[in-house]
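Q: Letter by letter, the sequence shown follows residues 248 to 790 in my numbering.
For each residue, glycine too, the CB sits at the ideal point set by N, CA and C.
Can you read through this structure? Questions will come right after.
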Amino acid sequence: MNSVWAFLASIALIRTTLYNYLPEKLRLYISARFEEWTRRFNTDETMVFKDYQSSKMNQLFQAANLYLGESLPTISIPRVTVEKTENVRNLTFSMEKNTEMIDVYENIPMKWKYFSDYSQGMSKHEIRWYELSFHKEYKSLVTKCYLPYILERANKIKERNRVVQLHTAAHDFWTPKPVIIQHPMTFETLAMDGNLKKELVEDLDRFMNGKEYYQQIGKVWKRGYLLYGPPGTGKSSLIAAMANHLNFDIYNLNLSAVSSDFVLQNLLLSTANRSILVIEDIDCSIKFQNRESGIEQPIKYQQQNKVTLSGLLNFFDGILSCCGEGKILVATTNYKDRIDPALLRAGRMDMHIYLTYCTFSAFKQLALRYLEISDHSLFHHIQKLLPKVKVSPAEVAGELMKTRDPRASIEGLIKHLEEKLIADGNSEVSPKHHSSPSQTSNCQVHESSISLPLACNGASMDNVKSSGPKPDVSVKSKLTADGEGDNNFEKTDLVRDRSSGHNILQVIEDMEKELLSYKEAIIALQKKSCGTLNKLAEIKATI
C-alpha cells in the first residue's frame, strides 16, 4: 500500500516539476502525446453536438432533441422535462441536465448524455450539448447511417407535431407572427364530388412521396393547382382541407399589395419549405392583360400595375422557384378565361380543378354530415331539382343547418330550391339540362392540358369550357338594340309560340345570333375606347 502512495506522489512531483520548468510548447507536446498513448487503450468514441445560441442553428442538436424526446416516454429514466406550447400539437419530452439514456440502433447501444451550463462574462447565456458515445469500430456506421437516420426521423416528427399557420404579407414582408389556423375542414368532411376528391388526394399523396422521383427526372419538387368555378363553390374550403391533409402552413398573397417584381421574388424566397402559397382571385388582384384576347390594355392600367406579367411568370417557374422544396402553389379564380394562357400551362398550373354548383353527390355528403342520414324518401326530389338550379354547396349547407329533423330539413331545402327555380325562370328546362342517376356530369380536372371527366351536376359542357356567365334561354328579359330589357318578351311567349306551332329552336338561334352581334359591337367599341385613351394619354404627356 505504501508503494502505491509513493508512486502517486512521484507522479505528482514529476508533473509539478514539468509544469514549472518546461516551456509551454514542450508541455503541450508532451500532453498531446500522452493522451494519444492512453487513447489506444480506450475502446469508446465520443461525438459532441452543441447548441449555438444564435442565428446559426446546429441541425444535429435540434434533430437529436426531437428524436430522443420521442423515445423518452417509453423508457425508464429518473427525470424528464415535459412541455406543451401552442405551436405544437402534442406534448414534447426532453432530458434533464446531466442525465443519460441508451438508444439501440441495429442492435448496437448508443449512449447519449445531455449537459447544460452557462457561459462566463457579462452576457451570460445557456450552453447546451449532447454527447454520443459508442464503440469506435462503429464510427463509420454512426456517421453514414445513424446520424442521417436521426435527421430523417426528426423531420417527420417535426412535420407531424406542428400546427398549421397562416402567414400574410404586409409592407413587402411576411408578418412575423403568423396566425394558427383552426379550420376543421378535411377531405372527409368536404362536400365534394367523390371522384374529384379521390383524384386530388391521390395527386397530393403522390407529390408528397415523390421527392426522390422529382430529383431522378431533374424537376423541381413543386406543384401548382388552379381552382376555378362560380363563387361559393368551396374553393377556400378546399384549400383548408389541403393544408390539413398535408399539415402545411398557408402563405396568403395579395398581389395588389406587392410593390414590385423584386418584392414578389423576396416573398417567394422567404416562404418555408413544405408550404402552400395561395393567390386568391388571381384575375382580380392585378389587371393583367390576356395577350390572346386581342384587346389592348389602356396605358393607364399598364402604368398602375406594380407586378408585371413577366415577373409573375418568373415567380411561378423561374430560377427563383427552384429555391426550396415541397412547395405548392394554389391560385383561384371565378373566370378562367380571363387569365393569360401562359400562367395556365403545365409546370405553372399542373392541375386545373373546376368546382361547380352543388351536385347530388355533394348533397348526399352534406346530408350525411349535417343530418346523419345516407338516404331518404325525399332524396329523389333533390336529385331532380339540383341540375336545374344554380346553388352552391355552402347555400345547401345553410338550409340543412336550420333544423336537425331530417324530414323538415329536406322539405325546407326542396322549398328553397323550388323558389329559386321560379325566381330564375327555369321551371321549363331544356332537354340537355335533364339528368338521370347514371348520367355523368361536367365537373372536370385538367392536368397538363388533359381533361378528366368527373361526376358533378348535369349542367351543359359549355360551362366547363368557360366559367364565365352564359346567356340563358329562359331569362325573363330580352336585350334590344339599345341595350334595354324588353319586358314584353317573357318565358310565357316562348310557350305560346310553341303552342302555336312556332319552332322553339329557331327562336333560340335568333337570340344567340343577336347576342353574338352585340358581343362583336362591344368588342369593337372597347378597342376604339382603348385607342382613344392611349391618344389622350400621349397628348396629356406632351402638355
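#1: Tell me which residues share the same chain as Arg595 and place their Cβ nearer than 6 Å to its Cβ, disregarding the 5 neighbours each side in the sequence.
#2: According to DSSP, which residues form a beta bridge with Asn499?
#3: Report the rounded CA-to-CA distance for Thr789 versus Ala644, giving the unit in angstroms.
#4: Residues bridged to Ser380 by DSSP?
#5: Would a C-beta distance cut-off of 8 Å place Glu821 and Thr263 closer than the cut-off?
#6: CA-CA distance, Leu763 and Ile769?
#7: Where does Lys331 sit, in a helix, a strand or coil, going by DSSP?
#8: Compare the beta carbon distance of Thr579 and Asn491 with 8 Å and say whether it is the shorter of the two.
#9: Note down the Cα distance separating Tyr461 from Glu666, rounded to an integer number of angstroms.
#10: Check the C-beta distance from Ile486 over to Val448 and give it rounded, since I have them as a contact under 8 Å.
#11: Tell me which same chain residues have a C-beta within less than 7 Å of the C-beta of Ile324, skipping the five on either side of it?
#12: Take Arg743 and list the residues in its own chain whose beta-carbon comes closer than 7 Å to its own, dropping the five residues that flank it on each side.
#13: For Lys360, which residues of its own chain have a beta-carbon under 6 Å away from its beta-carbon, when the five flanking residues on both sides are left out?
#14: Thinking C-alpha only, which one of Phe495, Met342 and Asn561 is nearest Asp508?
#15: Can you say whether Ala771 is buried or exposed, counting buried as having 16 or more other CB atoms within 10 angstroms of its CB?
#16: With burial defined as no fewer than 16 other Cβ atoms inside 10 Å of the residue's Cβ, what is the status of Lys787: buried or exposed?
#17: What do you get for Glu646, buried or exposed, if any count of 16 or more other CB atoms within 10 angstroms of its CB means buried?
#18: According to DSSP, simplified to helix, strand and coil, what is Ala609?
#19: Can you tell which of Ala614, Phe308, Lys458 and Leu511 has its C-alpha closest to the C-alpha of Thr650?
#20: So what does Tyr352 bridge to, in DSSP terms?
#21: Counting only the same chain and skipping the five closest in sequence on each side, list residues whose C-beta sits under 7 Å from that of Thr422.
#22: Our contact map puts Asp450 next to Met598 with C-beta atoms below 8 Å; I'd like the distance itself, whole angstroms only.
#23: Going by DSSP, which residues form a beta bridge with Met439?
#24: Please report the distance separating the alpha-carbon of Tyr617 from that of Pro425.
#25: Grab me the residues of Tyr352's own chain with a C-beta within less than 6 Å of its C-beta, minus the 5 sequence neighbours each way, in chain order.
#26: Is it the case that the Cβ atoms of Val329 and Glu343 are separated by a distance below 8 Å?
#27: Whose C-beta lies closer than 6 Å to the C-beta of Ser257 among residues of the same chain, with five residues either side of it excluded?
#28: Ends of the alpha helix (DSSP H) at Ser557?
#29: Measure the alpha-carbon distance for Ile529 versus Ile322 and round it to whole angstroms.
#30: Would you say Gly479 and Glu642 are within 8 Å of each other, going by their C-beta atoms?
#31: Suppose you measure from the CA of Leu633 to the CA of Pro477; what does that come to, to the nearest Å?
#32: Determine whether the beta carbon atoms of His623 and Ile657 lie at a separation below 8 Å.
#33: Determine which residues share a DSSP beta bridge with Lys469 and list them.
#34: Let me make sure I understand the geometry here. Which of Gly573, Lys611, Lys303 and Tyr276 has the alpha-carbon closest to that of Phe454?
#35: In terms of residues, what are the limits of the alpha helix (DSSP H) holding Tyr461?
#36: How many angstroms separate the CA atom of Ile620 from the CA atom of Pro653?
A: Let me lay it out:
#1: Along the sequence shown, read from residue 1 onward, the residue named residue 595 stands at position 348. These residues qualify, in order along the chain: Gly471, Phe563 and Asp564.
#2: Here residue 499 is taken as the residue at index 252 of the sequence shown, counted from 1. Its beta-bridge partners are Thr415 and Val525.
#3: Along the sequence shown, read from residue 1 onward, the residue named residue 789 stands at position 542. Along the sequence shown, read from residue 1 onward, the residue named residue 644 stands at position 397. Thr789 and Ala644: Cα-Cα distance of roughly 59 Å.
#4: Reading the sequence shown from its first residue, position 133 is the one you call residue 380. Per DSSP, Thr293 and Lys358.
#5: Outside the shown range of the chain (248 to 790) lies residue 821, about which nothing can therefore be said.
#6: Within the sequence shown, the letter at position 516 stands for residue 763. Within the sequence shown, the letter at position 522 stands for residue 769. When rounded, the distance between both Cα atoms is 10 Å.
#7: Position 84 of the sequence shown holds residue 331. Here Lys331 sits in coil by DSSP.
#8: Working through the sequence shown from its first residue, we reach residue 579 at position 332. Working through the sequence shown from its first residue, we reach residue 491 at position 244. No, the Cβ-Cβ distance between Thr579 and Asn491 is not below 8 Å.
#9: As a position in the sequence shown, residue 461 is number 214, starting the count at 1. As a position in the sequence shown, residue 666 is number 419, starting the count at 1. Whole-angstrom Cα-Cα distance: 52 Å.
#10: In the sequence shown, residue 486 corresponds to position 239, counting from 1. In the sequence shown, residue 448 corresponds to position 201, counting from 1. 14 Å between Cβ atoms; not a contact.
#11: Counted from its first residue, the sequence shown places residue 324 at position 77. Thr346 and Met348.
#12: Counting from one through the sequence shown, the residue named residue 743 turns up at place 496. Reliability of the predicted coordinates at Arg743 is poor, the pLDDT of 42 falling under 50, and no value is obtained from them.
#13: Position 113 of the sequence shown, counted from the start, is the residue given in the question as residue 360. Within the same chain, Lys360 has close Cβ partners Glu347 and Glu378.
#14: As a working note, residue 508 is residue 261 in the sequence shown. Here the closest residue by C-alpha is Asn561.
#15: Numbered from 1 along the sequence shown, position 524 holds the residue referred to as residue 771. Exposed, because fewer than 16 other Cβ atoms sit within 10 Å of the Cβ of Ala771.
#16: Numbered from 1 along the sequence shown, position 540 holds the residue referred to as residue 787. Exposed, by the Cβ-count rule.
#17: If you number the sequence shown from 1, residue 646 lands on position 399. Buried: at least 16 other Cβ atoms inside 10 Å.
#18: The sequence position of residue 609 within the sequence shown is 362, counting from 1. Looking at Ala609 - three-state DSSP - the assignment turns out to be helix.
#19: Taking the first residue of the sequence shown as 1, we reach residue 650 at position 403. Selected option, being the one with the closest Cα: Ala614.
#20: To locate residue 352, count along the sequence shown from 1; it is residue 105. Looking at the DSSP assignment, Tyr352 forms a beta bridge with Ile355.
#21: Translated into positions along the sequence shown, residue 422 becomes position 175. Around Thr422: His414 and Thr415.
#22: If you number the sequence shown from 1, residue 450 lands on position 203. If you number the sequence shown from 1, residue 598 lands on position 351. Correct: roughly 6 Å between the Cβ atoms.
#23: Locating residue 439 in the sequence shown gives position 192, where the first residue counts as 1. The partner list for Met439 (beta bridge, DSSP) is empty, contrary to what the question assumes.
#24: Residue 617 sits at position 370 when you count from the first residue of the sequence shown. Residue 425 sits at position 178 when you count from the first residue of the sequence shown. When the Cα atoms are used, Tyr617 and Pro425 turn out to be separated by approximately 32 Å.
#25: The count along the sequence shown starts at 1 and reaches residue 352 at position 105. Hits under 6 Å: Tyr393.
#26: Reading the sequence shown from its first residue, position 82 is the one you call residue 329. Reading the sequence shown from its first residue, position 96 is the one you call residue 343. Going by C-beta atoms, Val329 is not nearer than 8 Å to Glu343.
#27: What you label residue 257 is simply residue 10 of the sequence shown in a count that begins at 1. Closer than 6 Å at the Cβ level, and outside the excluded window around Ser257, lies no residue.
#28: Residue mapping note: residue 557 aligns to position 310 of the sequence shown, counting from 1. For Ser557, the enclosing alpha helix (DSSP H) starts and ends at Leu556 to Asp564.
#29: Locating residue 529 in the sequence shown gives position 282, where the first residue counts as 1. Locating residue 322 in the sequence shown gives position 75, where the first residue counts as 1. The alpha-carbon atoms of Ile529 and Ile322 are separated by roughly 53 Å.
#30: Within the sequence shown, residue 479 is the residue found at index 232, counting from 1. Within the sequence shown, residue 642 is the residue found at index 395, counting from 1. Their beta carbons are under 8 Å apart, which means Gly479 touches Glu642 by this criterion.
#31: On the sequence shown, residue 633 is found 386 positions in, with the first residue counted as 1. On the sequence shown, residue 477 is found 230 positions in, with the first residue counted as 1. Roughly 15 Å between the two C-alpha positions.
#32: Here residue 623 corresponds to residue number 376 of the sequence shown, with the count starting at 1. Here residue 657 corresponds to residue number 410 of the sequence shown, with the count starting at 1. Against a cut-off of 8 Å, the Cβ pair of Ile657 and His623 comes out as a contact.
#33: For the purposes of this step, residue 469 is taken as the residue at position 222 of the sequence shown. DSSP lists Lys574 as partners of Lys469.
#34: Within the sequence shown, numbered from 1, the residue matching residue 454 stands at position 207. It is Gly573.
#35: Looking up residue 461 in the sequence shown gives position 214. Lys458 to Ile464 is the extent of the alpha helix (DSSP H) around Tyr461.
#36: Taking the sequence shown and counting its residues from 1, one reaches residue 620 at position 373. Taking the sequence shown and counting its residues from 1, one reaches residue 653 at position 406. Looking at the two C-alpha atoms, the distance is approximately 8 Å.
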